[in-house]
Amino acid sequence: TNYVHSAQEQKHIRECLLNAKRDLQHADDEIARFELEKITLNDKITRYQTAISPIKNVPPEAMHVIFDFFIEEAMTVPVDVEDPRLILGRVCSQWRQIVQNTPGFWTDIH
4 TNYVHSAQEQ KHIRECLLNA KRDLQHADDE IARFELEKIT LNDKITRYQT AISPIKNVPP
64 EAMHVIFDFF IEEAMTVPVD VEDPRLILGR VCSQWRQIVQ NTPGFWTDIH
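When you read off a place in the sequence shown, starting at 1, and then add 3, the result is the number in this note's numbering.
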């Protein structure tokens, strides 16, 4: 509008503007804090879910049999980054240990 505010009204508007900016900054700070808390909670949830994952209950011997079928079906020679033994070994430390400790998986390498 074309209305010209008085000096006192302008002072009051500036104070309201300053308060609104301060409130916005406070809200942004709270949002950032909650975002960090959300990330932390999601990380905890992931760790808990991983800890009770059904695959953790499969004995290494059974995993060996499963891996053997997978490797036989997908075998490529020569060994490259798409080699199923290398793929399985990158899933987790338990799988890597099974693959590395199964000599039969590596007999075809020259």
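Don't be surprised by glycine CBs; every beta carbon is placed ideally from N, CA and C. All figures in this text were calculated on a predicted structure; none of them were measured in a lab.
**Study point:** Helix, strand or coil at residue 42 according to DSSP, with G and I counted as helix
**Key:** Locating residue 42 in the sequence shown gives position 39, counting from the first residue. Note: residue 42 maps to helix in three-state DSSP.
Practice item. Just mark residue 55 as buried or exposed, buried being the case when its beta carbon has 16 or more other beta carbons within 10 Å. Key: Along the sequence shown, one-based indexing puts residue 55 at 52. Looking at its Cβ environment, which holds fewer than 16 other Cβ atoms inside 10 Å, residue 55 is exposed.
Practice item. Note the first and the last residue of the continuous alpha helix (DSSP H) segment covering residue 92. Key: Here the question's residue 92 lines up with position 89 in the sequence shown. Note, residue 92: alpha helix (DSSP H), 87-92.
Check your understanding: The alpha helix (DSSP H) with residue 101 in it runs from where to where?
Key -> Counting from 1 along the sequence shown, the entry for residue 101 is found at position 98. Run containing residue 101: 96-103, per the alpha helix (DSSP H) assignment.
Exercise for review: Could you tell me the distance, in whole angstroms, from the CA atom of residue 33 to the CA atom of residue 50?
Suggested key: Taking the sequence shown and counting its residues from 1, the one referred to as residue 33 is at position 30. Taking the sequence shown and counting its residues from 1, the one referred to as residue 50 is at position 47. Straight-line Cα distance between these residues: approximately 26 Å.
Exercise for review: Give me the Cβ distance between residue 91 and residue 98, rounded to the nearest whole Å; I'm assuming they're in contact under 8 Å.
Suggested key: Position 88 of the sequence shown holds residue 91. Position 95 of the sequence shown holds residue 98. That pair is a contact at about 5 Å.
Check your understanding: Taking DSSP as the reference, what is the three-state secondary structure of residue 53?
Key -> The residue labelled residue 53 in the question sits at position 50 within the sequence shown. In the structure shown, residue 53 sits in a helix (DSSP, three-state: H, G or I).
Exercise for review: In angstroms with no decimal places, state the Cα-to-Cα distance between residue 107 and residue 61.
Suggested key: Along the sequence shown, read from residue 1 onward, the residue named residue 107 stands at position 104. Along the sequence shown, read from residue 1 onward, the residue named residue 61 stands at position 58. Residue 107 and residue 61: Cα-Cα distance of roughly 20 Å.
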